[in-house]
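**Student:** Numbering (our numbering), first residue to last: 69 to 346.
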Amino acid sequence: MDRFRPPRARSTANQGGQLQGEFAGDSYDECVDEQPSLTEQRVLLVPGTLMSAKSYDAVRAHADLRADGLDADGVEWMLDVPHCDIPRAADCVAERIRSGTGPAILVGHSTGGTIAAVTALNHPELVSGLVLINSGPNMIGHGAVDQILQTLRESPTDEVWERFALKNVAPGAPRRWIDDMIEFSRRAGAATAASILRSQAQLDLLASGQSSDLVVEVLHGRLDEKRTPADAEEWEHVFPKAAVTVIDDCGHSPHLEAPSQVVAAVRRVVGTLQRTGV
Numbered sequence: 069m070d071r072f073r074p075p076r077a078r079s080t081a082n083q084g085g086q087l088q089g090e091f092a093g094d095s096y097d098e099c100v101d102e103q104p105s106l107t108e109q110r111v112l113l114v115p116g117t118l119m120s121a122k123s124y125d126a127v128r129a130h131a132d133l134r135a136d137g138l139d140a141d142g143v144e145w146m147l148d149v150p151h152c153d154i155p156r157a158a159d160c161v162a163e164r165i166r167s168g169t170g171p172a173i174l175v176g177h178s179t180g181g182t183i184a185a186v187t188a189l190n191h192p193e194l195v196s197g198l199v200l201i202n203s204g205p206n207m208i209g210h211g212a213v214d215q216i217l218q219t220l221r222e223s224p225t226d227e228v229w230e231r232f233a234l235k236n237v238a239p240g241a242p243r244r245w246i247d248d249m250i251e252f253s254r255r256a257g258a259a260t261a262a263s264i265l266r267s268q269a270q271l272d273l274l275a276s277g278q279s280s281d282l283v284v285e286v287l288h289g290r291l292d293e294k295r296t297p298a299d300a301e302e303w304e305h306v307f308p309k310a311a312v313t314v315i316d317d318c319g320h321s322p323h324l325e326a327p328s329q330v331v332a333a334v335r336r337v338v339g340t341l342q343r344t345g346v
C-alpha cells in the first residue's frame, strides 16, 4: 500500500448557490416532474480535455451496459461550446439532459469529471448519480498546469498533441488511441483547451459545499502521471457518499484502458438507486 492509497478506497486490478463563470447564466426550461424507470435513464458520457466522446466507445458497446438497457450517449462539449468555462460546459450538459425524458447518470473523465460534478451541484434535479474518473475537486495536485497553458498559447504542433496524448494512458497503449487523441486535438484546438483549463485551475469545489445525498462512484487509475489517488479521495469532501475504487494497472483513462471497470461503476450507481428508491 503506497502513501497515496485512499484509506477507504477499494482497489482492483483491471478486468477488461450555483457556481458561476463568465459564460454562465443561460436559462433553461423547467425539468419534467415525471421520472423514468432506472433502466430508462440515460447515461451521459463527458470526456476530458482534448479527448472526444469516441473515447467512450468501449463503454457504450459493453455487453453488461447493453444488457441493463441503459442508453449511453457522449457529450462533445469541446466542439459544442468552444472557448467555454466549466460552468458553461456544465450548462451544456444540463441542456442535453433536459432534452431527454428525465435525470441522467453522468460519467465524467478528468476535466469531464469536474464538468459532471458542477452539473450535479448547479442542476441537482437533473442528475441521479455520478461516476467520476481520474479527476478531483481542484487542480492543486495536478502537475504543470501553468506549463500546459503556456504550451497551448504557442500554437501546438502534432508533436505536442502526441506528448499530451501519451500522458493520458499507461505505457504500451494501442497506437490508435494516441492517433485518435491527436486528430481530435487538431479539431478542438488549443484555444478551447486553454479556456477550459484556465477555468478549471481557478475552481475549487471543496469550497462549494456538499451534496450529501447524491450517489457517486469515483474511479482512479493508479498509474496516472497527472493525479494521485489522493485527488480521487478528496471527492468525498464534496460528495460524502462517494465510493472510491483504485484500479491498480491502469493510467489516466480507465474508460479507454479498463472499460469494464467503468461499466461496473455505472451498474453500482444503478443498483444503489434501485435499493434506495431515489
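Glycine included, every Cβ here is placed at the ideal spot set by N, Cα and C.
Count the other CB atoms, across all protein chains shown, that sit within 10 Å of the CB of residue 343; report buried if there are 16 or more and exposed otherwise.
**Tutor:** exposed
**Student:** Assuming residue 228 is part of the alpha helix (DSSP H), what are its boundary residues?
**Tutor:** 226-234 is the span of the alpha helix (DSSP H), which, as asked, contains residue 228.
**Student:** Check whether the Cβ atoms of residue 141 and residue 166 lie closer than 9 Å to each other.
**Tutor:** Not a contact, by the Cβ cut-off of 9 Å.
**Student:** What ranges does the alpha helix (DSSP H) occupy inside the segment 224-296, keeping only unbroken runs of at least 4 residues that lie completely in it?
**Tutor:** 226-234, 243-256, 258-269
**Student:** Relative to the C-alpha of residue 287, which candidate in 202, 184, 230, 258 has its C-alpha closest?
**Tutor:** 202
**Student:** Looking at the structure shown, is residue 305 part of a helix, part of a strand, or coil, going by DSSP?
**Tutor:** helix
**Student:** With a Cβ-Cβ cutoff of 9 Å, do residue 238 and residue 160 count as a contact?
**Tutor:** Contact flag unset, no.
**Student:** At the level of alpha carbons, what is the spacing between residue 179 and residue 245?
**Tutor:** Taking the straight line from one Cα to the other gives about 18 Å.
**Student:** Which stretch, first to last residue, makes up the alpha helix (DSSP H) that contains residue 355?
**Tutor:** Here the chain covers residues 69 to 346 and nothing more, so residue 355 does not appear.
**Student:** Could you have a look at residue 430 and say whether DSSP puts it in helix, strand or coil?
**Tutor:** The question about residue 430 has no answer here: the residues shown for the chain are numbered 69 through 346.
**Student:** What is the DSSP secondary structure of residue 321, counted as helix, strand or coil?
**Tutor:** Looking at residue 321 - three-state DSSP - the assignment turns out to be coil, as it is neither helix nor strand.
**Student:** For residue 128, which residues in the same chain have their Cβ closer than 6 Å to its Cβ, ignoring the five residues on either side in sequence?
**Tutor:** Around residue 128, the same chain offers 140 as residues with beta carbons nearer than 6 Å, after the five sequence neighbours per side are excluded.
**Student:** Tell me which residue opens and which closes the alpha helix (DSSP H) that residue 159 is part of.
**Tutor:** 154-166
**Student:** For residue 328, name the three-state secondary structure that DSSP assigns.
**Tutor:** The three-state reading of DSSP puts residue 328 in helix, counting H, G and I together.
**Student:** Considering only the beta carbon of each residue, do residue 206 and residue 272 sit closer than 9 Å?
**Tutor:** yes
**Student:** Strictly by DSSP, which residues pair up with residue 204?
**Tutor:** Residue 204 is not bridged by DSSP to any residue.
**Student:** Would you call the segment 306-317 in contact with the segment 113-121, where contact means no fewer than 3 C-beta pairs closer than 8 Å?
**Tutor:** no
**Student:** For residue 197, which three-state DSSP category applies?
**Tutor:** strand
**Student:** Out of 185, 322, 345, state which residue places its alpha-carbon closest to the alpha-carbon of residue 284.
**Tutor:** 185
**Student:** Ends of the alpha helix (DSSP H) at residue 135?
**Tutor:** 131-135
**Student:** What residue range is occupied by the uninterrupted alpha helix (DSSP H) comprising residue 220?
**Tutor:** For residue 220, the enclosing alpha helix (DSSP H) starts and ends at 213-220.
**Student:** Which residue wins for smallest C-alpha separation from residue 122, given the options 136, 147, 134, 329?
**Tutor:** 147
**Student:** Whole-angstrom Cβ separation of residue 162 and residue 196, contact assumed at under 8 Å?
**Tutor:** Contact annotation, residue 162 with residue 196: C-beta distance approximately 13 Å; criterion of less than 8 Å not satisfied.
**Student:** Could you compute how far the alpha carbon of residue 101 sits from the alpha carbon of residue 126?
**Tutor:** The pLDDT assigned to residue 101 is 37, lower than 50, so where the model puts this residue is not dependable, and the model offers no usable value.
**Student:** State buried or exposed for residue 109, treating a residue as buried only when at least 16 other CB atoms are found within 10 Å of its CB.
**Tutor:** Of the other Cβ atoms in all chains shown, 16 or more fall within 10 Å of the Cβ of residue 109; this residue is therefore buried.
**Student:** Cβ atoms of residue 253 and residue 152: under 9 Å apart, would you say?
**Tutor:** no
**Student:** For residue 326, count neighbouring C-beta atoms within 10 Å of its own C-beta (all shown protein chains included) and say buried if the count is 16 or more, exposed if not.
**Tutor:** buried
**Student:** Do residue 265 and residue 213 have their C-beta atoms closer together than 9 Å?
**Tutor:** A contact, by the Cβ cut-off of 9 Å.
**Student:** Counting only the same chain and skipping the five closest in sequence on each side, list residues whose C-beta sits under 6 Å from that of residue 145.
**Tutor:** If you ignore the 5 residues before and after residue 145, its C-beta comes within less than 6 Å of the C-beta of 157, 160, all in its own chain and listed in chain order.
**Student:** Are the CB atoms of residue 175 and residue 228 within a distance shorter than 9 Å?
**Tutor:** no
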